[in-house]
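Have a look at the structure below, then the notes.
Residue numbers (the working numbering): 278 to 706.
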């Protein structure tokens with residue numbers, strides 16, 4: 278439904294409004310169609326010299342930019358509605374896709390690999406903006422202002438708060454959104470590092486599904502270390518980018534991009550969990566899981582049968598010798614079953630699974646108790662690899678096919694950490 282006054286008034290010759298894309302305090306954005314295709318039309322009410330200057334500044338900034346992750350400016354014009362209200366129309370390239378905020382609202386969590394790729398592309402976009410003379414500062418980076426194209430490439434939209442550093446008035450520089458707004462913008466002193474802060478807060482939100490303002494703070498410093506489980510390189514990058522003093526952050530996008538690549542390239546860590554150990558280097562990932570199988574219904578049935586045999590032996594007579602003999606036979610059968618069947622009996626047996634991800638392949642080795650049986654498996658395509666939690670085990674799945682259990686007793690937090698690491702490696706270039 279097209280809102281008034283554009284349901285009955287169309288000042289743009291050749292364009293037909295056909296969908297509402299969003300609304301704001303000063304106007305709305307409509308999708309329009311012409312013979313040449315779609316466009317996003319930003320319709321802004323004009324009221325006062327300051328507002329007039331802002332909307333014209335946005336048009337002038339966009340018109341001077343040419344980057345695949347910045348919507349192209351197709352033109353702009355002014356017109357007066359039938360009720361006498363003046364309007365400004367900014368005609369922009371229409372970017373098909375969902376906003377990052379939409380993805381978050383629908384429960385989509387950004388993986389570590391996706392975060393690195395997203396940061397790299399966004400930093401390249403900011404590097405282009407900051408390299409302009411004078412530098413262009415966006416000042417309102419947040420999930421709602423980033424559209425993910427159908428090919429997943431991010432496009433930074435809404436340049437209503439943007440401007441060249443030399444043209445930003447102190448009076449209107451306090452623009453942005455709480456949680457993504459760095460301290461210096463409250464003082465009316467935006468710098469290129471201000472956009473780095475907004476981008477880092479955006480990524481933190483996408484990774485954690487927690488709004489930046491929901492994290493505890495130490496003064497002006499966001500404390501997210503206890504509320505997230507991030508690889509060391511990402512944690513340190515976000516920690517630096519979110520420092521309250523811009524002098525302590527990356528000075529610009531180029532420095533941030535260099536740091537991101539260096540940190541990812543030197544990633545080496547060992548993470549010790551209760552039931553598993555993760556060892557990660559730039560060359561590969563190794564997960565060692567120690568498993569103590571749970572008591573499944575099948576195992577429970579086996580033990581009930583054993584108890585019935587013993588009970589029958591006692592009831593049928595034969596004395597203590599017959600009972601002990603039956604118990605010894607059952608113990609021998611149980612031992613054989615547990616030693617030579619990966620499922621085991623759940624009576625304290627220990628299995629070890631070593632999983633190595635390297636060179637786009639998965640190498641799996643399972644060892645039974647005392648090394649009496651060993652199983653090997655190799656998968657040469659990581660893209661379809663997932664970790665599936667069932668009632669009794671955490672099982673590896675490849676394109677829906679079961680590869681067997683990784684472990685039987687992983688905690689939910691361990692499952693989540695391992696799942697995230699596997700997704701990270703399966704999505705690397």
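Glycine included, C-beta positions come from ideal geometry on N, C-alpha and C. None of the values given here were measured: they were computed from a predicted structure.
>> Quick test of the definition: if touching needs 3 or more C-beta pairs under 8 Å, does the segment 311 to 321 touch the segment 375 to 382?
In response: By the C-beta criterion, the segment 311 to 321 is judged not to be in contact with the segment 375 to 382, since fewer than 3 inter-stretch pairs fall below 8 Å.
> DSSP on residue 631, reduced to helix/strand/coil?
Replying inline: Under the three-state reduction of DSSP output, residue 631 falls in the strand class.
>> Let me check understanding here. Comparing Cα to Cα, which of 452, 693 and 537 lies closest to residue 399?
In response: 537 is the residue among 452, 693 and 537 whose C-alpha sits nearest the C-alpha of residue 399.
> Would you report the Cα separation of residue 685 and residue 669, rounded to the nearest angstrom?
Replying inline: Each residue's alpha carbon lies about 6 Å from the other.
> Roughly how many angstroms lie between the CA atoms of residue 390 and residue 643, to the nearest whole one?
Replying inline: Approximately 27 Å between the Cα atoms of the pair.
> Looking only at its own chain, which residues have a Cβ that is under 7 Å from the Cβ of residue 711, when we skip the five neighbours before and after it?
Replying inline: Only positions 278 to 706 of the chain appear in this structure, which leaves residue 711 out of reach.
>> Is the separation between the beta-carbon of residue 392 and that of residue 511 shorter than 8 Å?
In response: In contact: residue 392 and residue 511 (Cβ atoms closer than 8 Å).
> Between residue 700 and the rest of its own chain, which residues show a CB-CB distance below 6 Å, the 5 nearest in sequence each way excluded?
Replying inline: Only residues of its own chain outside the window of five on either side were considered, and among them 388 have a CB closer than 6 Å to the CB of residue 700, listed in chain order.
>> If I follow the unbroken alpha helix (DSSP H) through residue 695, where does it start and stop?
In response: Where residue 695 is concerned, the enclosing alpha helix (DSSP H) stretches over 689 to 703.
> Under 8 Å between the Cβ atoms of residue 525 and residue 469?
Replying inline: Here residue 525 is not near residue 469, since their CB atoms are 8 Å or more apart.
>> Counting C-beta neighbours from all protein chains within 10 Å, is the total for residue 369 16 or more, i.e. buried, or is it exposed?
In response: Counting the other Cβ atoms within 10 Å of the Cβ of residue 369 gives 16 or more, which makes it buried.
> Does the segment 331 to 344 touch the segment 281 to 289, meaning 3 or more C-beta pairs lie closer than 8 Å?
Replying inline: With the cut-off at 8 Å, the segment 281 to 289 and the segment 331 to 344 do not touch.
>> Using only the alpha-carbon positions, how far apart do residue 330 and residue 279 sit?
In response: For residue 330 and residue 279, the distance between alpha carbons rounds to 27 Å.
> Any chance the segment 512 to 521 sits against the segment 412 to 429, with 3 or more Cβ pairs inside 8 Å?
Replying inline: Below 8 Å, too few C-beta pairs join the segment 512 to 521 and the segment 412 to 429 to call them touching: fewer than three.
> Any contact of the segment 460 to 469 with the segment 349 to 367, i.e. 3+ C-beta pairs under 8 Å?
Replying inline: Touching, no, given that fewer than three Cβ pairs across the two stretches are closer than 8 Å.
>> According to DSSP, residue 319 sits in a beta bridge with which residue or residues?
In response: Residue 319 pairs with 306 and 367.
> Near residue 682, what residues of its chain come up, given a Cβ to Cβ distance below 6 Å and the 5 sequence neighbours on each side ignored?
Replying inline: 670 and 672, listed in sequence order.
> Which whole-angstrom value is the C-beta distance of residue 434 and residue 493, which I expect to be below 8 Å?
Replying inline: No, residue 434 and residue 493 are not in contact; Cβ-Cβ is about 31 Å, not under 8 Å.
> DSSP three-state call for residue 338: helix, strand or coil?
Replying inline: Helix, per DSSP.
> Which value, in whole angstroms, describes the spacing of the CA atoms of residue 553 and residue 564?
Replying inline: Near 7 Å, if we compare the C-alpha coordinates of residue 564 and residue 553.
> Do residue 397 and residue 471 have their CB atoms nearer than 8 Å?
Replying inline: Not a contact, by the Cβ cut-off of 8 Å.
>> Between which residues of its own chain and residue 482 is the CB-CB distance below 7 Å, once the five residues before and five after are set aside?
In response: The residues are 381, 420, 488 and 489.
> For residue 507, which option in 497, 480 and 527 has the closest C-alpha, if you only look at C-alpha atoms?
Replying inline: Taking only the C-alpha atoms, the option nearest residue 507 is 480.
> Considering only residues of the same chain and omitting the five flanking positions on each side of residue 336, which have a CB-CB separation below 7 Å?
Replying inline: Spatial neighbours of residue 336 in its own chain (CB-CB distance under 7 Å, excluding positions within 5 residues in sequence) are listed in chain order as 350, 353 and 367.
>> Taking the alpha carbon of residue 698 as the reference point, which residue from 534, 375, 305 and 556 has its own alpha carbon closest?
In response: Nearest option by C-alpha distance: 556.
> Closest by CA to residue 259, which one among 375, 442 and 423?
Replying inline: A query on residue 259 cannot be resolved here, the shown segment of the chain reaching from 278 to 706 and no further.
>> Short of 6 Å in beta carbon distance, which residues of its chain neighbour residue 680, apart from the five on each side in sequence? Order them along the chain.
In response: So the qualifying residues of the chain are 673.
> Closest to residue 548 by CA distance: which of 566, 411 and 560 is it?
Replying inline: The candidate whose alpha carbon is nearest that of residue 548 is 566.
> Any idea which residues DSSP pairs residue 279 with across the strands?
Replying inline: According to DSSP, residue 279 bridges with nothing at all.
>> I need the straight-line Cα distance from residue 295 to residue 319, nearest angstrom please.
In response: So the two alpha carbons sit approximately 13 Å from each other.
> Do you know how far the Cα of residue 633 is from the Cα of residue 688?
Replying inline: A straight line joining the alpha-carbon of residue 688 with that of residue 633 spans about 21 Å.
>> Is it buried or exposed, residue 450, if we count other Cβ atoms within 10 angstroms and call 16 or more buried?
In response: Low local confidence applies: a pLDDT of 47 at residue 450 is under 50, so the model's placement there is unreliable, with the coordinate-based value given in what follows. With 16 or more other Cβ atoms inside 10 Å of its own Cβ, residue 450 counts as buried.
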